[in-house]
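Participant:
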Amino acid sequence: MNTDIFVAPVATLRRSTGLISENLNYIQKELPQLPAPENLRDEIIAACRNFEAAIWDVNSEIRNLEEKLGLCPGEPETLNPDPGITIGLIDGWLRAEIVTLHQLVTKLRDLKSEDANMTGLEILVTESGANILYAYKDIRDNLDLITAHLR
Numbered sequence: 001m002n003t004d005i006f007v008a009p010v011a012t013l014r015r016s017t018g019l020i021s022e023n024l025n026y027i028q029k030e031l032p033q034l035p036a037p038e039n040l041r042d043e044i045i046a047a048c049r050n051f052e053a054a055i056w057d058v059n060s061e062i063r064n065l066e067e068k069l070g071l072c073p074g075e076p077e078t079l080n081p082d083p084g085i086t087i088g089l090i091d092g093w094l095r096a097e098i099v100t101l102h103q104l105v106t107k108l109r110d111l112k113s114e115d116a117n118m119t120g121l122e123i124l125v126t127e128s129g130a131n132i133l134y135a136y137k138d139i140r141d142n143l144d145l146i147t148a149h150l151r
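Encoded structure:
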């Protein structure tokens, strides 16, 4: 199998998870400067931390995927040689966090319509959420590309 065809897609996976992490960090950094009820602030922080934990797991699976695709020298250390399983894990973890983020954005939009003080918070999470969604789309596209080359 020609492993060169996997180098760019895997690099995009890594770059995209980095962009997601940057946006999660940005939300957490800017959050204290915006008015918000404490329980809502806690909910946003929890969502960001859960997403960060998923990104950590995803990055571990990207490393496993690199081994399964033959991009790492030496013997593979992964137990299951099927890249499809790893691709499914990566996508499943990210999709679950995207759904949670979407629910949070929807909640903030509803709150903003009731309380104009929520506007800054809604903009922060919505714009960062959009950046995260674009990064996820790049991940999804590159997982599909890898899958197509495996067939």
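The sequence shown: position 79 = 79 (the numbering used here), numbered continuously. Each residue gets a CB set at the ideal place from its N, CA and C atoms; glycine is no exception.
1. Going by the beta-carbon positions, is the gap between residue 130 and residue 19 smaller than 7 Å?
2. Return the chain-ordered list of same chain residues with a C-beta closer than 8 Å to the C-beta of residue 146, the five sequence neighbours on each side being excluded.
3. For residue 138, name the three-state secondary structure that DSSP assigns.
4. What I want to know is whether the C-beta of residue 83 ends up closer than 6 Å to one or more non-hydrogen atoms of the ligand MN.
5. Does the beta-carbon distance from residue 26 to residue 113 come in below 7 Å?
6. Applying the criterion that 16 or more other CB atoms from any shown protein chain within 10 Å of the CB defines a buried residue, is residue 152 buried or exposed?
7. To the nearest angstrom, report how far apart residue 67 and residue 132 are at their CA atoms.
8. Exposed or buried, which one is residue 16 when buried takes at least 16 other CB atoms within 10 Å?
9. For residue 47, I'd like the list of residues in its chain whose CB is within less than 6 Å of its CB, leaving aside the five on either flank, ordered along the chain.
10. With a 10 Å radius around its C-beta and 16 neighbouring C-beta atoms as the bar for buried, classify residue 142 as buried or exposed.
11. May I ask you to report which of helix, strand or coil DSSP gives residue 151?
Facilitator: Reading it off the structure:
1. no
2. 6, 9, 10, 65, 69, 83 and 87
3. helix
4. In the structure shown, the ligand MN is absent, as is every other ligand, since no ligand is present at all.
5. no
6. Since the first residue of the chain shown is 1 and the last is 151, residue 152 is not available in this structure.
7. 26 Å
8. buried
9. 100 and 104
10. buried
11. coil
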